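J.: First, the structure itself, so that you have it in front of you.
In our numbering, the protein residues as written are 231 to 415.
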């Protein structure tokens, strides 16, 4: 009897994989909700254009089995795009290209809405992640966002923060949010 037939194949090391190929064989499906800061400070030094460019690049990378959603925040929050299959890249790119900056920064409210969207679209046995992209602190309507991050981490949703040309004094808050969420800054 051959005992080797019951052993699952060992996946290749990450550094040996083609960086442009995210096969279902090697990568779980991903449900990712981006929480985008579109406050007026994002107009400065083309921050919003850098964010839009990055979002377009990321859209090219998602697969049909992946989902991508977008929540925006400024003076208020809104669901720009409910989690959508990666097969609908044109729809995702259209929403991203129409982004414009205005208003104040309601970061805490954006985080809450982002987690709610990610939780509703949760992929069982997949990766469920919220990514905040911002140039600063989560100052307006942000009282209890840390509690939300902790609560959703327990439910299997992680959080990362991407800083765009941010001030060094905002980095501590961003790093703390990412650590609480089990993600990266």
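For each residue, glycine too, the CB sits at the ideal point set by N, CA and C.
All values reported here derive from a predicted model rather than from experimental measurement.
#1: Looking at C-beta atoms only, is the number of pairs between the stretch 378-386 and the stretch 395-405 that lie closer than 8 Å three or more?
#2: Quick one: using the 10 Å Cβ neighbour count with 16 as the cut-off for buried, is residue 264 buried or exposed?
#3: Alpha carbon to alpha carbon, what distance is there between residue 294 and residue 341?
#4: Within 10 angstroms of the Cβ of residue 359, are there 16 or more other Cβ atoms? Answer buried if so, exposed if not.
#5: Determine whether the Cβ of residue 366 lies closer than 8 Å to any Cβ atom of chain C.
#6: Can the beta-carbon of residue 275 be found closer than 8 Å to that of residue 383?
#7: Which same chain residues end up closer than 7 Å to residue 269 when comparing Cβ atoms and leaving out the 5 residues on each side of it in sequence?
#8: Between which two residues does the beta strand (DSSP E) carrying residue 358 extend?
#9: DSSP puts residue 388 in a beta bridge; with which residues?
#10: Could you compute how far the alpha carbon of residue 415 sits from the alpha carbon of residue 409?
#11: Alpha carbon to alpha carbon, how far is residue 375 from residue 319?
#12: In whole angstroms, what is the alpha-carbon distance linking residue 273 and residue 392?
#13: Straight-line CA distance for residue 337 to residue 267?
#14: Checking 8 Å against the spacing of the C-beta atoms, do residue 280 and residue 299 come in under that value?
#15: Would you kindly report the start and end of the unbroken beta strand (DSSP E) that includes residue 272?
T.: Quick answer:
#1: Not touching, per the Cβ criterion.
#2: By the C-beta density criterion, residue 264 is buried, having at least 16 other C-beta atoms within 10 angstroms.
#3: Distance from the CA atom of residue 341 to the CA atom of residue 294, rounded to whole angstroms, is 25 Å.
#4: When all chains shown are included, residue 359 counts as buried.
#5: Of the protein chains in the structure, only one exists, and it is not chain C.
#6: Result no, Cβ atoms of residue 275 and residue 383 do not sit closer than 8 Å.
#7: So the list reads 304, 331, 333, 334, 335, once near-sequence residues are dropped.
#8: For residue 358, the uninterrupted beta strand (DSSP E) segment begins and ends at 357-364.
#9: According to DSSP, residue pairing for residue 388 in a beta bridge involves 359.
#10: Distance from the CA of residue 415 to the CA of residue 409, rounded to the nearest whole angstrom, comes to 8 Å.
#11: Cα to Cα, the separation comes out at about 30 Å.
#12: Rounded to whole angstroms, residue 273 to residue 392 spans 17 Å at the Cα level.
#13: Each residue's alpha carbon lies about 7 Å from the other.
#14: Going by C-beta atoms, residue 280 is not nearer than 8 Å to residue 299.
#15: No beta strand (DSSP E) holds residue 272; DSSP gives it neither H nor E.
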